[in-house]
Amino acid sequence: MKKLFCKILLLLGISILALPVVGQDRIPVLTLGTFHFNFPNLDRVQVAEADQIDVLMPKYQAEIGNLVTKLAEFKPTVIVIERQPKMQNRIDSLYRLYLAGKYELKRGEEEQIGFRLAKMMGISKLYCVDEWGEHYTRIANLMDREDSEEYKGFERSFEEHADSAMVFDPEDVFKEKGIIAELKVLNKRENIQKSLGNYLIGPFKYESSPYDYTGVDFESGRWFNRNLRIFRNIQRVPVRSADRILVIFGAGHLNLLNYFFECSPEYHLVDTSQYLE
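Residue numbers (the numbering used here): 974 to 1250.
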């Protein structure tokens, strides 16, 4: 009898292990990497005024409307944007005004794409998940000493380094071919992977003294820590098993965010290209 009881328990254990675990399905995530529609020129890539476009022009408004219709096919239930959590109340207020017909969208992609799509999908809130990275104490101190020779040497490494020919910087096509054509380039998997290489050369190799890892530690905070924090903010967004997340962010961030989503047991990264055709 004792042996039989043990066998029954063993069989029950196997059966229980074989059952699907409720809530274990991964949340689909679609990442849309964009250029900044309002051209603030605060990033590594700068766009001269003569090369910029005005997304409020009728032809671009029509194209953005087409883009939003394409993205709606993903059926997002959650939209996250490149704004810091401290701006959540302001974004909530502007979006409510937009829903009430009392606010005209500004040029930023978080409004032109995010607000429009959220309204179309009946989504009541967009989540602000951007964040700055945090530096090691030594790097933070270096950044505070702008008059020091060490700081000046490090600053020069951004413009004067032997790796300039290796920098991946695809030519903008939005002015000649339109917004969606530009987004196709920015969201191409190969281009996203290549863009991460820009953070592994040039200033990354800079050292104030041999083996002090100045550039490595700087990029750890500026880029790697920052995107890990952004990913953590996305994890904080309340979701249900049936939710589908759209991430609207500057395309440069996807070289890490996409990798995090691909590796995560919580999320399933969806191919963006099918929604840009």
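Built from N, CA and C at the ideal position, the CB exists for glycine as well. Note that the structure is predicted; figures quoted are calculated from it, not measured.
Compute the Euclidean distance between the alpha carbons of E1046 and A1224, then round it to the nearest angstrom.
21 Å
With H, G and I counted as helix, E and B as strand and the rest as coil, what does DSSP make of P1251?
There is no way to answer for residue 1251, as the model of the chain reaches only from 974 to 1250.
Please report the residue range of the beta strand (DSSP E) in which L1099 lies.
1099-1101
Residues in its own chain within less than 8 Å of Q1061 by CB, not counting five upstream and five downstream?
Y1100, C1101
Own chain partners of G996 with C-beta closer than 8 Å, once the 5 adjacent residues on each side are dropped:
In this predicted model, G996 has a pLDDT of only 43, less than 50, meaning its place in the structure is not dependable; the value taken from the coordinates is given anyway. For G996, where only same-chain residues beyond five positions count, the Cβ hits under 8 Å are S1214.
Which partner residues of V1051 appear in the DSSP bridge assignment?
I1218
Span of the alpha helix (DSSP H) around P1001:
It is not in any alpha helix (DSSP H) - P1001 instead sits in the beta strand (DSSP E) that spans 1000-1007.
For Y1240, name the three-state secondary structure that DSSP assigns.
strand
Residues in its own chain within less than 7 Å of C979 by CB, not counting five upstream and five downstream?
Reliability fails at C979, whose pLDDT of 47 lies under 50, so the model's placement of it is uncertain and no value is given.
Inside the segment 1087-1173 only - alpha helix (DSSP H) runs reaching at least 4 residues:
1089-1094, 1110-1117, 1122-1129, 1147-1150, 1152-1159, 1162-1169
Within 10 Å of its beta-carbon, does E1235 have 16 or more other beta-carbons around it, so buried, or fewer, so exposed?
exposed
Measuring alpha carbon to alpha carbon, tell me which residue in R1202, E1132, I1096 is nearest P1058.
R1202
Cβ pair L1242, F1204 closer than 8 Å
no
What residues are listed by DSSP as bridge partners for G1223?
T1007
What separation, rounded to the nearest whole angstrom, lies between the Cα atoms of F1131 and E1163?
24 Å
Candidates P1176, V1189, A1154, H1134: closest to Y1109 by CA position:
V1189
V1053 versus P1211: straight-line alpha-carbon distance, rounded:
12 Å
Quick one: what's got a C-beta closer than 7 Å to R1056's C-beta in the same chain, skipping five residues either side?
I1064, E1083, C1101, D1103
List the whole-angstrom C-beta distance separating D1216 from I1000, where the pair is believed to meet the contact cut-off of C-beta under 8 Å.
6 Å
Can you confirm whether D1120, when its beta carbon is compared against all beta carbons of chain C, has any partner nearer than 8 Å?
Judged by its chain identifiers, the structure shown contains no chain C, having just a single protein chain.
With H, G and I counted as helix, E and B as strand and the rest as coil, what does DSSP make of S1182?
coil
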